[in-house]
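The sequence shown lines up with residues -7 to 186 when you count with the working numbering. Contents: one structure, followed by commentary.
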Amino acid sequence: MSKFHSQYLITMKDIVREGNLILHQATQEVRIPPSQEDKETLTCMLNFLKNSQDPVMAKKYKLRAGVGLSANQIGLNKRMFAAYLKDEKGNEHEYTLINPKIISHSISTIYLPQGEGCLSVDRKVSGFVPRYERIKVKAFNLSGEEILLKLKGYPSIVIQHEIDHLNGIMFYDRINQENPFQLPENSKSLHFTN
Ligand code: K2U
Ligand code: NI
-7 MSKFHSQYLI TMKDIVREGN LILHQATQEV RIPPSQEDKE TLTCMLNFLK NSQDPVMAKK
53 YKLRAGVGLS ANQIGLNKRM FAAYLKDEKG NEHEYTLINP KIISHSISTI YLPQGEGCLS
113 VDRKVSGFVP RYERIKVKAF NLSGEEILLK LKGYPSIVIQ HEIDHLNGIM FYDRINQENP
173 FQLPENSKSL HFTN
């Protein structure tokens, strides 16, 4: 059994940092239906995000706040991630997605004016990260059922950041190196703080 059983508490020491190859290569698809071990690991990852957003737990275990976590960020070569966030309207969203795939997307793009961060990157990297405004995602849930998600705005940004991780892409790979604040035309700023 992997150490990420359902009662295990992920802390920052479990999070792999940039430079480790597992973050810079595509992850392997997970067998469907997911094994008990995979289901417990994904639940453990979701619990880390909830803990990281709880002031008491975050302080007690010195957790950096996170709204998403991919399996390769905890050293597992598995195509799955968890996300836990509030959208622009303050609605809470919880995702534990296995073998996610963006099957279609808008032409229009959006970006966070404050840029992006990453639990695996211990430095500030400035610049805009253009992301699709709307995406349709096919994935499997913890029960092994195939689901279709239609996402826009902040949830769309978070899910794209996590799917990038599963493809070995870091947020700064999407920043224009010549002019980090360069934007493709028809890109809109998403004013939002989690
Ligand atoms: O994958 C990760 O490293 C988690 C990122 C996800 C993320 C970053 C920027 C934009 C969208 C998603 C962390 O959540 S970075 C820390 C953070 C915490 C709260 C709100 C935004 C970013
Ligand atoms: Ni990240």
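Ideal Cβ placement from N, Cα and C applies to all residues, glycine included. Quantities reported herein were computed from a predicted structural model and do not represent experimental measurements.
With C-beta atoms as the reference, is residue i less than 8 Å away from residue j?
| i | j | result |
| --- | --- | --- |
| Ile95 | Lys130 | yes |
| Gln(-1) | Asn69 | no |
| Ser112 | Ile2 | no |
| His(-3) | Phe73 | no |
| Gly107 | Ser118 | yes |
| Ala50 | Gly160 | no |
Any heavy atom of the ligand K2U inside 7 Å of the beta-carbon of residue i?
| i | result |
| --- | --- |
| His85 | no |
Pull up the distance between the alpha-carbon of residue i and that of residue j, whole angstroms please.
| i | j | result |
| --- | --- | --- |
| Pro25 | Leu134 | 8 Å |
| Phe132 | Ser62 | 15 Å |
| Val54 | Lys42 | Per the sequence presented here, residue 54 reads as Lys, with Val not at that position. Distance between the alpha carbons of Lys54 and Lys42 is about 13 Å. |
| Leu104 | Lys31 | 32 Å |
| Asp165 | Lys(-5) | 31 Å |
| Lys93 | Lys52 | 36 Å |
| Cys110 | Gly60 | 9 Å |
Please write down, chain order preserved, every residue whose beta carbon lies under 7 Å from a heavy atom of the ligand K2U.
Arg56, Ala57, Gly58, Val59, Gly60, Leu61, Ser62, Gln65, Leu104, Glu108, Gly109, Cys110, Leu111, Ser112, Ile149, Val150, His153, Glu154, His157, Phe163, Asn186
Is there contact between the stretch 114 to 126 and the stretch 145 to 160, where contact requires at least three CB pairs shorter than 8 Å?
yes
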